[in-house]
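Below is one structure, written out as structure tokens, with a few remarks after it.
There are 2 protein chains.
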Amino acid sequence: MARVTLKDVADRAGVHASTASRALDPEKGSMVHAETVARVRAAAEELGYQGHAIASGLRRGHTSTLGIVVADLGNPFIAPVVRGIENHLEGRGLMALIAETRDDHGRMARVLNNLAARRVEAVIVTGARRGDEQVLRKAQRQMPIVLAVRHLPGSGIPAITHDDERGGRLAAEHLLEHGHQRIAQLCGPRGISSFDERASGFRNRLRTAGLEVIELEDAAQHPTLAEGRRLMERMLAQRGVVPTAIFAHNDLMAFGALQALAGQGRSCPEDVAMIGYNDTPMTAFTQPPITTVRLPGYELGRMASDTAVVLMEDWEQPRSTLSLPPVLVPRHSTLGWRGET
Amino acid sequence: MARVTLKDVADRAGVHASTASRALDPEKGSMVHAETVARVRAAAEELGYQGHAIASGLRRGHTSTLGIVVADLGNPFIAPVVRGIENHLEGRGLMALIAETRDDHGRMARVLNNLAARRVEAVIVTGARRGDEQVLRKAQRQMPIVLAVRHLPGSGIPAITHDDERGGRLAAEHLLEHGHQRIAQLCGPRGISSFDERASGFRNRLRTAGLEVIELEDAAQHPTLAEGRRLMERMLAQRGVVPTAIFAHNDLMAFGALQALAGQGRSCPEDVAMIGYNDTPMTAFTQPPITTVRLPGYELGRMASDTAVVLMEDWEQPRSTLSLPPVLVPRHSTLGWRGET
DNA sequence: CAGCGCAGCGCAATCGATTGCGGACTACGG
DNA sequence: CCGTAGTCCGCAATCGATTGCGCTGCGCTG
Numbered sequence: 000m001a002r003v004t005l006k007d008v009a010d011r012a013g014v015h016a017s018t019a020s021r022a023l024d025p026e027k028g029s030m031v032h033a034e035t036v037a038r039v040r041a042a043a044e045e046l047g048y049q050g051h052a053i054a055s056g057l058r059r060g061h062t063s064t065l066g067i068v069v070a071d072l073g074n075p076f077i078a079p080v081v082r083g084i085e086n087h088l089e090g091r092g093l094m095a096l097i098a099e100t101r102d103d104h105g106r107m108a109r110v111l112n113n114l115a116a117r118r119v120e121a122v123i124v125t126g127a128r129r130g131d132e133q134v135l136r137k138a139q140r141q142m143p144i145v146l147a148v149r150h151l152p153g154s155g156i157p158a159i160t161h162d163d164e165r166g167g168r169l170a171a172e173h174l175l176e177h178g179h180q181r182i183a184q185l186c187g188p189r190g191i192s193s194f195d196e197r198a199s200g201f202r203n204r205l206r207t208a209g210l211e212v213i214e215l216e217d218a219a220q221h222p223t224l225a226e227g228r229r230l231m232e233r234m235l236a237q238r239g240v241v242p243t244a245i246f247a248h249n250d251l252m253a254f255g256a257l258q259a260l261a262g263q264g265r266s267c268p269e270d271v272a273m274i275g276y277n278d279t280p281m282t283a284f285t286q287p288p289i290t291t292v293r294l295p296g297y298e299l300g301r302m303a304s305d306t307a308v309v310l311m312e313d314w315e316q317p318r319s320t321l322s323l324p325p326v327l328v329p330r331h332s333t334l335g336w337r338g339e340t
Numbered sequence: 000m001a002r003v004t005l006k007d008v009a010d011r012a013g014v015h016a017s018t019a020s021r022a023l024d025p026e027k028g029s030m031v032h033a034e035t036v037a038r039v040r041a042a043a044e045e046l047g048y049q050g051h052a053i054a055s056g057l058r059r060g061h062t063s064t065l066g067i068v069v070a071d072l073g074n075p076f077i078a079p080v081v082r083g084i085e086n087h088l089e090g091r092g093l094m095a096l097i098a099e100t101r102d103d104h105g106r107m108a109r110v111l112n113n114l115a116a117r118r119v120e121a122v123i124v125t126g127a128r129r130g131d132e133q134v135l136r137k138a139q140r141q142m143p144i145v146l147a148v149r150h151l152p153g154s155g156i157p158a159i160t161h162d163d164e165r166g167g168r169l170a171a172e173h174l175l176e177h178g179h180q181r182i183a184q185l186c187g188p189r190g191i192s193s194f195d196e197r198a199s200g201f202r203n204r205l206r207t208a209g210l211e212v213i214e215l216e217d218a219a220q221h222p223t224l225a226e227g228r229r230l231m232e233r234m235l236a237q238r239g240v241v242p243t244a245i246f247a248h249n250d251l252m253a254f255g256a257l258q259a260l261a262g263q264g265r266s267c268p269e270d271v272a273m274i275g276y277n278d279t280p281m282t283a284f285t286q287p288p289i290t291t292v293r294l295p296g297y298e299l300g301r302m303a304s305d306t307a308v309v310l311m312e313d314w315e316q317p318r319s320t321l322s323l324p325p326v327l328v329p330r331h332s333t334l335g336w337r338g339e340t
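First to last, the sequence lines map onto chains A and B.
Residues 0 to 340 in numbering that gives the first Met the number 0 are what the first sequence spells out, letter by letter.
Residues 0 to 340 in numbering that gives the first Met the number 0 are what the second sequence spells out, letter by letter.
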């Protein structure tokens, strides 16, 4: 389609292509007589010349393109992250290629390969899983990589994450403040840093208060509503003390747990307090509204994108690893507990 | 970074770059002695050669890249669409550049320009607004454009949309079936095809049943919870009959309307039935769960991407415009109405 | 008036691959 | 023993731009 090339413009303006190139480049505009610049500009305008960023990039040695790799585009809390990245890139002349792995190692490898072939200048990977270290490290030889949301402990790959350890602590503290003593948690899938860390943060905080967390051997296979319900049912079926407060590792699981509780005739928050994670929009509208931990996804995206840009401009920067603080959002599901003094 | 070039591989294998190129191209592998192919492959392997899709694309005359332009990446029902596009592209060697306009005409223009400069082979635009016709048509001279979700009536730009006219009809029929006679709708922003059409579909269906829809002059500025509440409050404040059923133009507005009703001591569904739109995940979990219209977003993405691919391969195809059928999802907010016989 | 500096522009190489054309060499039939 | 077809591969042009270097004039100085 886009037929008209720089040479066409140059011909029409009666100059050489190199002159046209300089005339059209604001940086080099001064190397060319003002009148010539005007003539070239006019020619470009008349012909409807559209710059060719690809060819230009080839010669100049850059693509002004980043890659974003996500596990699941449908995941609601990935949206703000991508948004943060995108908004940070805009205005810098950068754009992002986006790809989905669907939590498949093979797809991860293929996607990274494809991005490398396209010479993206950096890649932001949200949704890395244990087992991706190999491919990621291999890809790192081709381009800088920044992990976002989830990191790979011990991999040495720079990462921007939420401070989920702290998120777990916040949840624990909130429940302690409201006088709970028998506290349980429903764990998300193992091997994913963000779940593992909120589990240990929660557990450790309770321990320093002299309490032992009630939890199952079992963790959720996927962080879904159905799994939340299943885990809650299993916990209720166990003999022994029934917890007065539950920390579910995300909002959907919290909601599933609520359904299990309702099925047993226990109400929230009167009988059992519930706390979720992520501050999914629905949590404000459920019955009862669910106390949750809010994560600064948009900021995370901006920061990940920021370090990606730094890395792409200056390879071999000190590996900056950063984690952003979450905030507890109290709602009705923990505020009306009957046992509170 | 990626230093090693095809020439390096060729040198190491003791052949000319052109031969190396042929050896590495599965299509042309037969033009080269099998043993040589093996030698080149080995050399490429040892050197860690990574193909250069940009340079190759420049010569071959394609980029294997599409553009996706969305209004708001945070919009929950845009995610499945992007997902559908992405999944359809994958495996075809295509990738997508993604950009956000935030409903700003200027940004739309800049984004399209940027995509054109990068020589994307087609662009899928979700979230076109009235007023974008100019830029879109101009961009169309550079590359094929497919509208998704929202279309621009009369623009002649091919579009894949939801059949919102029909969505409105479905909502109307559902309410009629349940015996409602005084029915109102809360309209989303004007000038956006999807809202305008669900309004007229709803209105027309009621008319053929001999009913006139109750509605305000006013429409929502944005399809948000706050606006839903505001409109509902205004409607309740008006003298005259109170509707027994409300059609809100999306789920958030429906929820805002519910809050306004609750504020006046009216309960749903006993006093007033409520129906939303989009089947946002939250609607299943609110109290009461909200009847809504489900849109096949993923399929829409796949089809949009499909027609984009067709168009990029064969410019000047018949402009295929298509709309996908929505489905009504009945939930409690319309099923427990007191007035039903 | 010779010489120098500088502004403005063109030449040709370059980025990293692909490809039409033709050369060298083998093999085979007559 | 020669002509010819067929295989494999190299040469050089090409995709569309950018850029180091050098040439041409012009104006100014000593």
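From the three backbone atoms N, C-alpha and C, an ideal C-beta is built for every residue, glycine too.
Note that this is a predicted model, so its numbers are computed, not measured.
Check	Outcome
Using C-beta distances below 7 Å, list every residue in its chain close to Gly344 of chain B, excluding the 5 sequence neighbours before and after it, in chain order.	Since the first residue shown for chain B is 0 and the last is 340, residue 344 of chain B is missing from the structure and cannot be characterised.
Over the uninterrupted alpha helix (DSSP H) stretch that includes Leu57 of chain A, give me the two end residues.	52-59
Considering Gly66 of chain B, what are the terminal residues of the beta strand (DSSP E) in which it resides?	64-69
Would His51 of chain A pass as an interface residue toward chain B - the criterion being a Cβ-Cβ separation below 9 Å?	yes
Just to confirm, are Arg128 of chain B and Ala70 of chain B a CB contact at a threshold of 9 Å?	yes
Have a look at Thr291 of chain B and Val80 of chain B and give me their C-alpha separation to the nearest angstrom.	19 Å
Could you name the residues that DSSP lists as bridge partners for Ser29 of chain A?	None, per the DSSP bridge assignment.
Pull out every residue of the segment 278-295 of chain A whose Cβ sits closer than 7 Å to any Cβ of chain B, in chain order.	Pro280, Met281, Phe284, Thr285, Gln286
Between Ala108 of chain A and Val134 of chain A, which are expected to be in contact by the criterion C-beta below 8 Å, what is the C-beta distance as a whole number of angstroms?	5 Å
Report yes if the C-beta distance between Leu299 of chain B and Thr160 of chain B is below 9 Å; otherwise report no.	yes
Can you check whether the C-beta of Glu45 of chain B is within less than 9 Å of a C-beta belonging to chain A?	no
How would you list, in chain order, the residues of chain A whose beta-carbon sits under 8 Å from the beta-carbon of Ala378 of chain B?	Past the boundaries of the shown model lies residue 378 of chain B; chain B is included only from 0 to 340, so the question cannot be answered.
Please report the straight-line C-alpha distance between Ala303 of chain B and Ile213 of chain B, rounded to a whole angstrom.	35 Å
Of all the residues that make up the segment 210-230 of chain A, which are near chain B by a beta-carbon distance shorter than 8 Å?	none
From Val145 of chain B to Glu34 of chain A, what does the alpha carbon distance come to, in whole angstroms?	41 Å
At 9 Å on the CB atoms, spell out the chain A contacts of Ala116 of chain B, in chain order.	Gln49, Gly50, His51, Ala52, Ile53, Ser55
Please report whether the beta-carbon of Gly73 of chain B lies at a distance below 9 Å from any beta-carbon of chain A.	yes
What three-state label does DSSP hand Arg293 of chain B in the structure shown?	strand
Can you tell me where the beta strand (DSSP E) holding His104 of chain B begins and where it ends?	From DSSP, His104 of chain B is part of no beta strand (DSSP E) but of the alpha helix (DSSP H) over 104-116.
Tell whether a beta-carbon distance below 9 Å holds between Leu327 of chain B and Asp162 of chain B.	no
Can you tell me whether Glu176 of chain A is buried or exposed? The criterion is at least 16 other CB atoms within 10 Å of its CB, across all chains shown.	exposed
So is Asn203 of chain A in contact with chain B if we call contact Cβ pairs under 9 Å?	no
Please report the residue range of the beta strand (DSSP E) in which Ile123 of chain A lies.	121-125
What does DSSP give as the partner residue(s) for Phe246 of chain A in the beta ladder?	A:Gln184, A:Ile274
Verify the CB distance criterion: does Gln237 of chain A have a CB-CB separation below 9 Å to chain B?	no
For the segment 165-174 of chain A against the segment 198-208 of chain A, do three or more pairs of beta-carbon atoms, one drawn from each stretch, fall closer than 8 Å, so that the two count as touching?	yes
Relative to the C-alpha of Arg2 of chain B, which candidate in B:Gly47, B:Ala183, B:Lys27, B:Arg293 has its C-alpha closest?	B:Gly47
Exposed or buried, Gln141 of chain A, counting other C-beta atoms within 10 Å across all chains shown (16 or more means buried)?	buried
Going by Cα to Cα distance, which pick from A:Pro325, A:Ala272, A:Ser55, A:Asp278 is closest to Gly338 of chain A?	A:Ala272
Interface residues of chain B around Pro317 of chain A at Cβ under 9 Å?	Simply none; closest approach about 18 Å.
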